[in-house]
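First up is the structure itself, then whatever we jot down about it.
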Amino acid sequence: MSSDLAALRRRTERWFIRKGLPHLIDGYGATTGVMTRMIPALVVLFFLETNLVFGDRFAGRAQVGVWCGSAGILVAGAVLANRLRGRRAFQVPDRVGFIELGVFFALPSAIVALFGDSPAQYALAVLVLNVVAVSVIYLITSYGIVPMLRWAVVFMARQMRQIVQLLARSLPLLLLFSLVIFLNAEMWQLAHDFLPAYYGIVVGMVLALSLVFLAIRIPLEVRSLAGFSSWQEIVDCCRASDAPPATHAELLAAAPESGAPAAGTGDVVPLTAPLDRSARANVALLLFVSAMVRMLLVSLVVGVFFVILGLFTVRADTILQWTTQTELDPIATWQLFGGEMVLTWELLASAGVIATISALQFAVASLNDTSYREQFFNDVAAEVRTVLAVRAVYSRHLVPTSD
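Numbering that gives the first Met the number 0 applies: residue 0 is where the sequence shown begins, and numbers increase by one.
Written out as structure tokens, the structure is:
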């Protein structure tokens, strides 16, 4: 492969990462991509753990000396790992393997065992926490959760007009039952009797049900996105994107001559490199996160709407009557337009329940109702389909084939 194509491949792979789909990269794995991208987070966490030596065992200058000694041990371990890898002593690691992970897991536990208040228990706890932390960071990095969330938020902001239209359509339907529930003594009595922990469990159960529905439904959508009717369709999708290959006409022009069916044949064109399980999971997760962000946005808008509605419609005397309290315990009160606005736990809890139910209704409708799909899901699906088209061009022209 020429140096120009190699550079184009690297730019395309960075583009996949920015889109939150790193598993579309050929050969993407723990040692070749994930661990390397984890290095900044691991380095920060590694040196933050020098603070674990603070406690009651040492005080004053002795505590400062212990901290400096702990920092020295961690630095010495990092230098030793670099020298074993043939790197400069203080070079930031360019790859993570067993040596680096061994240093990361062993040394923080060692300094706690040497200088901590309860060496045995704390050392084991630090080791377990580090294993959990690395596992979480690995999952976040492996599936590009951070760029995925950033992409979903930016895409949502670009589609704000459609979301407003969607809310305008959904709010009247929600109001048919929500107002009856909201302006109801039983609802406020229930909210008053809710312990915060129980309330959180109930809201979490409804939200979890919404997410489970999305998780079951979305993998079915992924299958429909990976097939194209012709290679020309792939080329057209790629040209319409901001991907690096879109500016290389010679790659796109050569595509029909690379063994793919000609445009207009009506045959389904398989991707040059079929999506493996991790790539399919990555695409499904992107669709899931995008749907979740919009679902939570709708829930937030509905919740804020009912909080404002309750501030204007439900007075303090009414709250006392509905909740059978003898004395009101408001979160905040203020004067507005000659009247008193009262913000209470009961108001927030009632609005939160309705907002959570709205999230469930939106999750179901966004994937099943035809008009909802046109305004919500199809735009996201088209964006993902474009990325898959770019991946097809990338796989055919930028990934070396093995003989």
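Ideal Cβ positions, reconstructed from N, Cα and C, are used throughout, including at glycine.
Secondary structure of residue i, DSSP reduced to three states
i	result
residue 382	helix
residue 18	coil
residue 398	coil
residue 109	helix
residue 90	coil
residue 393	helix
residue 331	strand
residue 265	Low per-residue confidence applies at residue 265: pLDDT is 44, beneath 50, and the placement is therefore not dependable enough to give any value.
residue 78	helix
residue 254	Bear in mind that the predicted position of residue 254 carries a pLDDT of just 48, short of 50, making it unreliable; the figure below should be weighed with that in mind. It is helical.
residue 260	Bear in mind that a pLDDT of 46 at residue 260, under 50, signals an unreliable position, so the model cannot answer this.
residue 270	Reliability fails at residue 270, whose pLDDT of 49 lies under 50, so the model's placement of it is uncertain and the value that follows must be treated cautiously. The answer is coil: DSSP assigns residue 270 none of H, G, I, E or B.
residue 339	strand
residue 318	helix
residue 361	helix
residue 104	helix
residue 45	helix
residue 114	helix
residue 227	strand
residue 192	helix
residue 84	coil
Beta-carbon proximity of residue i to residue j, cut-off 8 Å
i	j	result
residue 356	residue 179	no
residue 212	residue 392	no
residue 220	residue 381	no
residue 33	residue 137	yes
residue 326	residue 191	no
residue 98	residue 83	yes
residue 77	residue 102	yes
residue 135	residue 285	no
residue 133	residue 139	no
residue 397	residue 23	no
residue 358	residue 209	yes
residue 321	residue 184	yes
residue 38	residue 91	yes
residue 247	residue 100	no
residue 312	residue 182	yes
residue 361	residue 297	yes
residue 175	residue 225	no
residue 424	residue 329	Outside the modelled stretch of the chain, which goes from 0 to 402, sits residue 424, for which no answer is possible.
Residue burial classification, residue i (beta-carbon count within 10 angstroms, cutoff 16)
i	result
residue 237	buried
residue 197	exposed
residue 88	exposed
residue 388	buried
residue 19	buried
residue 336	exposed
residue 127	exposed
residue 230	buried
residue 399	exposed
residue 48	buried
residue 395	buried
residue 21	buried
residue 223	exposed
Residue from the options whose Cα sits closest to the Cα of residue i
i	options	result
residue 163	293, 124 and 329	293
residue 142	277, 320, 390 and 296	277
residue 188	318, 275, 124 and 310	318
residue 104	80, 195 and 86	80
residue 45	71, 27, 26 and 61	71
residue 41	217, 26, 377 and 131	131
residue 333	49, 21 and 310	310
Specify whether the stretch 281-297 and the stretch 149-156 touch according to this definition: at least 3 beta carbon pairs, one from each stretch, less than 8 Å apart.
A contact is defined here as three or more CB-CB pairs under 8 Å, and the stretch 281-297 meets this definition with respect to the stretch 149-156.
Looking at C-beta atoms only, is the number of pairs between the stretch 0-18 and the stretch 105-114 that lie closer than 8 Å three or more?
The answer is no - the stretch 105-114 does not touch the stretch 0-18, with fewer than three Cβ pairs under 8 Å.
For the structure I just gave you, are there three or more beta carbon pairs, one from the stretch 305-316 and one from the stretch 344-363, closer than 8 Å?
Touching, yes, given that three or more Cβ pairs across the two stretches are closer than 8 Å.
Are three or more beta carbon pairs between the stretch 272-286 and the stretch 337-347 nearer than 8 Å?
No, the stretch 272-286 is not in contact with the stretch 337-347.
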